[in-house]
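Working notes for the structure below.
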Amino acid sequence: MSIQRIVLNINGVDREILCEPEKDSLADVVRRLGLTGTKVGCGTGHCGACSLLLDGEVTRSCVKKMKQVKAYAKVETIEGIGSAERLHPLQRAFMTYASVQCGFCSPGFIMSAKGLLMRNPDPTREEVREWFTRHGNVCRCTGYKPIVDAVMEAAAVMRGEKAMEDITFTPPEGGRLYGSDFPKPTALSRVLGTCDFGADISGKMPEGTLHLAVVLAKREHARIRALDTAEAQAMPGVVNVVTAKDVKGTNRLVAPQGTVHSLCDGLDRPVICDGVVRRYGDVVAVVAATGRDKARAAAERVRVEYEPLPAVMTFMEAAAEGAFPIHENTPNIYIEQPVYKGEDTQGLLEHAAHTVEGSFGTSRQPHLTVEPDVVLAYPQDGGVVIQCKGQYLYGNIAQMAPAIGLPKEKVRIIGNPAGGSFGYSMSPGNTALAAACALALDAPVSLVLSYAEHQHTTGKRSPVYANVRLACDEAGKLTAMDFLAGIDHGAYSEMAGALTTKVCRFFGYPYAIPNIRGLVRTAFTNNNFGTAFRAFGSPQTYTASEQIVDMLAGRIGMDPFEFRYINVAREGDTCTTSVPYREYPMRAMMDMLRPHYRKAVEKARAESTPEHRRGVGIAWGGYHVSKVPDRAEIDLELNQDGSVTHYSTWADVGQGADTGSLIHVHEALRPLRLRPEAIRLVRNDTGCCPDTGSASGSRSHHVVGMATLDAASKLLAAMRKEDGTYRTWREMRDAGVPTRYRGVHTAEWSDIDPDTGHGYGAIAQNYVLFMAEVAVEAATGRTRVLGATIVADVGVIGSRQAVLGQAWGGFSHSIGFALSENYEDMKKHATMRGAGVPRCNDVPDTFNVLFHETYRENGPHGSTGCAEGFQSAGHVSILNAIADAVGVRVATLPVTPEKLKAAMTAKAAGVPYGQEPWDLGCSLYGRLAFLKARHAGKGKG
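Going left to right, the sequence shown walks through residues 765 to 1705 as this note's numbering numbers them.
Okay, here's the thing in structure tokens:
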């Protein structure tokens, strides 16, 4: 170890630093000084979260070694540019213009923007976007547009053209926050860099905390023959190596299968592998040491002897006759969900006036949060406390408690501030791993994953392969559809039942198709396990459903917009699962989009050239809200100073649970005329907050709002005097009246029938119509998304900032899903850039969101959930736009330049280019007949 002393001028003050110049980065040094506003995300210079100014230059400090930093260099971090009492214009603008969602990347963006405005005080929007792209600033939440908005507004203040008051939110007249642009209430800590995310909290753990490093399997399928930890145990600072034998419980996570007929028991995933590894990234051991670097060095010395087993790497291989079983005693195909609507479709499709068929496949999309996973755990009172990123705190306890050998009441989870999730933190895997180690070691532990480890240990969006046929009559009215779909759900069954029903219900949404036959099959493979991802299940379905609609419109020579217009559902029409739609705003929404569509088509035709071909595509999307059955609980408490506290486990992973909670309370307690700052939020701690359910399925705004209304009515009734005024806290105490009340909302609807595919499976629906404009470079096949217009009906808008944020962010994910994102190559896809994360210039600046507000009778204040609808089908509008531009389709995602160029070349040469039907292991109609006979009690199997 070579220690060197260096003095740096940090935020205007000379600071003495002791470091290892060859090893330590500039980010390491400033964070050791307590300046943790400089976040470390990817650790490889790909995300820009660590951006600061070094001698006035924007620098990604995580890859800037101290040996490259000269003495007395000037370093400026987020802590040096503003304070809560005196914000920098960039900090204020980021709060006001919805530029903060999870907020993990915000300090890096603000410092990068400051560097830009020091050089160019009056940039164009294009220059701002180019700057962020060049300097590697990545945001996964916002879709970049509001960040550019904020920079432009802050620049105007810095030039003296506007005052700070001009870029500060002013409450609307009357003081009502619901439906306003009220800023995210926790945004201040994010723009100041004072919010402690997981790694920041890890750095403040007490002496005696052990640091964990995982030993991951680097093969897809193998039997563990021997595990040698002796060399690792002898390494400096190592306390122990935890293996499966040290896990005190069953070592099996619980994966509820839902109402589907599943052939697996949901106990297939170990916390630590104890015999067989079933995917690259399975944990086979965990090293515990007195320092993170010591633990990681020792993890490299754990020796594992494997016996290779056959690897089954696609759904098609899993479904093939004689395929090697991934799990003993369970067939690879373990769930089948049929759908029957109307008449039998086989003859209808064969004799229809017009029929098209197609085969489509999606990628294993990674979530690509900027913050990698961090879990802290410590024994307490005979149980364990876990601090982590989590979207389903009580649910994770139920899933992991038996595995780690504790009753549920002895497991407490506290949700850390989260640097994005988008669904992956619904999984209990890394949470259970840290807890099991804390219990085995009887010590507090810290698990801080590298970005590659984060990629390999967390779940992904499951690929789906589908063969689809669609028919219409001479007038273009849809008559019949059939589909056979296969889900590659990876090595474990987590959330498989819910995913299967999600996939089946969105074929043909939101059209009126009278006759449908379909089957969705779910398989184990030796790939990464599938888990929740925003719009769970629907993007895979729309990839097939909304492309086949475009293809049929092309077959009959009808404009794809008008073809959809005559086929969207009208009042009384039923959806794929044979129940009426909750609302029928579809035609009105298309009427709103029509002028934008016509203008875009005219522009594309006028500006398209042989070198840069322009196209316009549309796609219907939308999602279901909540689940069946559903229950949410929250508490409201009147405090001594007249403020009110809202207790819930509505997890905020960047989507706006803080905003939603506050505006729900403010609206529900309007008679008390509370100021926003008089509403306190206590969240995400199972030790003091009730079970609000998962932050998933677009349910939270809906069900938390209803539970808040229930609690508010109880609190107001208790406070109300005979004369109509309200008691103070002291008056309630003196009268012996409780000051804390629990609000409960329960919902019961028909679930998706596992034998027929009929039912709602949710308490509400939302509807989203997408239009994308693209340009394709003929020489390379590279696609640029030039603009997007979205029309959405999510009921009455509760928070404009939160809803727009989901629209912008969801569409940016859709761009990645369509064009670049994948997790298949374990080396290339271990990094953010390698996995295809969209950067600022990849997401269009022209982005319009239009709202059609249909009042939801069963929702809070007429609202319902929105988030997942915005990521449901935006990618298909891009795919349809590409087909409009170049006249060919690529069957499998992502549509990389190489794939598209090959398709264009084949077309030019007159060579057929298309996807042969997937061999999904069965005949659709034969299998449906078998399942129907089995349901009727006439068959076995």
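Cβ atoms here follow ideal geometry from the backbone N, Cα and C, with glycine treated the same way.
The structure displayed is predicted, hence computed values, not measured ones.
CA nearest to the CA of residue i, picked from the options
{"i": "Glu917", "options": "Thr1338, Thr932, Cys903", "result": "Thr932"}
{"i": "Thr1289", "options": "Leu1211, Ala1083, Thr1221", "result": "Ala1083"}
{"i": "Asn1622", "options": "His1466, Arg824, Gly1523", "result": "His1466"}
{"i": "Leu1197", "options": "Val1040, Ile1036, Asn1093, Ala1235", "result": "Ile1036"}
{"i": "Ala1075", "options": "Ala1061, Asn884, His1091, Phe1634", "result": "His1091"}
{"i": "Glu1441", "options": "Gly1272, Arg1176, Pro935, Ala1287", "result": "Pro935"}
{"i": "Trp1572", "options": "Val912, Arg769, Trp895, Ile845", "result": "Val912"}
{"i": "Arg1042", "options": "His1025, Ala1062, Ala1052, Tyr1070", "result": "Tyr1070"}
{"i": "Glu840", "options": "Cys1152, Lys828, Met875", "result": "Met875"}
{"i": "Val1138", "options": "Asp1145, Gly1154, Pro1130, Ser1127", "result": "Gly1154"}
{"i": "Thr1247", "options": "Ala1239, Asp1206, Tyr1306", "result": "Per the sequence shown, the amino acid found at residue 1247 is Phe instead of Thr. Considering only alpha carbons, the answer is Tyr1306."}
{"i": "Ser1185", "options": "Leu1140, Ala1165, Ile988, Gly867", "result": "Gly867"}
{"i": "Pro910", "options": "Thr1503, Asp945, Gly1250, Gly1055", "result": "Asp945"}
{"i": "Ser1189", "options": "Ala1262, Met1164, Ala1296", "result": "Ala1296"}
{"i": "Glu1238", "options": "Phe1327, Met969, Asn1180, Ser1226", "result": "Phe1327"}
{"i": "Val1066", "options": "Val1048, Thr1054, Asp1057", "result": "Val1048"}
{"i": "Ala1647", "options": "Leu1027, Glu849, Glu1537, His899", "result": "Glu1537"}
{"i": "Ala1008", "options": "Glu1085, Ile988, Val1024, His1025", "result": "Ile988"}
Cα-Cα separation between residue i and residue j, rounded to whole angstroms
{"i": "Pro887", "j": "Arg923", "result": "11 Å"}
{"i": "Arg1620", "j": "Lys982", "result": "50 Å"}
{"i": "Ala1087", "j": "Ala1645", "result": "39 Å"}
{"i": "Tyr1142", "j": "Ser1210", "result": "9 Å"}
{"i": "Ser1123", "j": "Leu790", "result": "50 Å"}
{"i": "His1118", "j": "Tyr1275", "result": "17 Å"}
{"i": "Arg1698", "j": "Ser1257", "result": "24 Å"}
{"i": "Ala1582", "j": "Tyr1411", "result": "39 Å"}
{"i": "Met1470", "j": "Val1508", "result": "8 Å"}
{"i": "Gly1187", "j": "Arg1491", "result": "42 Å"}
{"i": "Ala1476", "j": "Val1429", "result": "8 Å"}
{"i": "Leu1715", "j": "Ala914", "result": "Residue numbering for the chain in the displayed model covers 765 to 1705; residue 1715 lies beyond these limits and cannot be assessed."}
{"i": "Gly1424", "j": "Gly1626", "result": "14 Å"}
{"i": "Ser1407", "j": "Ile1443", "result": "6 Å"}
{"i": "Asn775", "j": "Gln832", "result": "19 Å"}
{"i": "Ser1464", "j": "Ala1415", "result": "9 Å"}
{"i": "Arg1033", "j": "Asn1612", "result": "43 Å"}
{"i": "Thr808", "j": "Arg1691", "result": "49 Å"}
{"i": "Gly1574", "j": "Leu1568", "result": "10 Å"}
{"i": "Ala1053", "j": "Gln997", "result": "9 Å"}
Sequence-distant residues of the same chain with beta carbon closer than 6 Å to residue i, five excluded per side
{"i": "Arg1269", "result": "Thr1340, Thr1341"}
{"i": "Pro1661", "result": "Thr1544, Gly1545, Arg1546"}
{"i": "Asp964", "result": "Thr800"}
{"i": "Leu1072", "result": "For the sequence presented, residue 1072 should be read as Pro rather than Leu. Only Ala986 meet the Cβ criterion."}
{"i": "Asn1231", "result": "Ser1123, Leu1248, Pro1681, Trp1682"}
Cβ neighbours of residue i in the same chain (closer than 7 Å, five flanking residues each side left out)
{"i": "Gly872", "result": "Lys803, Gly812, Ala813, Cys814, Ser815, Asn901"}
{"i": "Gly1386", "result": "Tyr1273, Pro1274, Gln1529, Asn1530, Tyr1531, Val1532, Gly1633, Ser1636"}
Buried or exposed by the 16-neighbour rule on C-beta atoms within 10 Å, applied to residue i
{"i": "Met1707", "result": "With the chain covering only 765 through 1705, there is no way to say anything about residue 1707."}
{"i": "Thr1109", "result": "buried"}
{"i": "Asp1355", "result": "exposed"}
{"i": "Arg1758", "result": "No answer is possible for residue 1758: the residues shown for the chain start at 765 and end at 1705."}
{"i": "Arg1298", "result": "buried"}
{"i": "Val777", "result": "exposed"}
{"i": "Tyr1706", "result": "Residue coverage of the chain in this structure runs from 765 to 1705, which leaves residue 1706 outside it and unanswerable."}
{"i": "Ile1277", "result": "buried"}
{"i": "Val1501", "result": "exposed"}
{"i": "Val771", "result": "exposed"}
{"i": "Met882", "result": "exposed"}
{"i": "Glu1371", "result": "exposed"}
{"i": "Ile767", "result": "exposed"}
{"i": "Lys828", "result": "buried"}
{"i": "Ser1687", "result": "exposed"}
Residue i at chain C interface by Cβ criterion, 8 Å
{"i": "Ala1083", "result": "Reference to chain C is not applicable here, since this structure consists of a single protein chain."}
Proximal residues to residue i (C-beta, below 8 Å), its chain only, five neighbours per side dropped
{"i": "His1220", "result": "Leu980, Tyr1044, Gly1045, Asn1292, Met1590, Ala1594"}
{"i": "Gly1705", "result": "Because the pLDDT of Gly1705 is 41, which lies under 50, any placement of that residue in the model is unreliable, and the number read from its coordinates should be weighed accordingly. Correct list, in chain order: Phe1694, Arg1698."}
{"i": "Asp1422", "result": "Lys948, Pro949, Thr950, Asp1416, Leu1445, Arg1447"}
Residue i: CB within 7 Å of a non-hydrogen atom of the ligand ZN
{"i": "Thr1423", "result": "In the structure on display, the ligand ZN does not appear, and there are no ligands present to speak of."}
| query | Using 8 Å as the Cβ pair cut-off and three pairs as the minimum, do the segment 1560-1570 and the segment 1380-1400 touch? | reply | no
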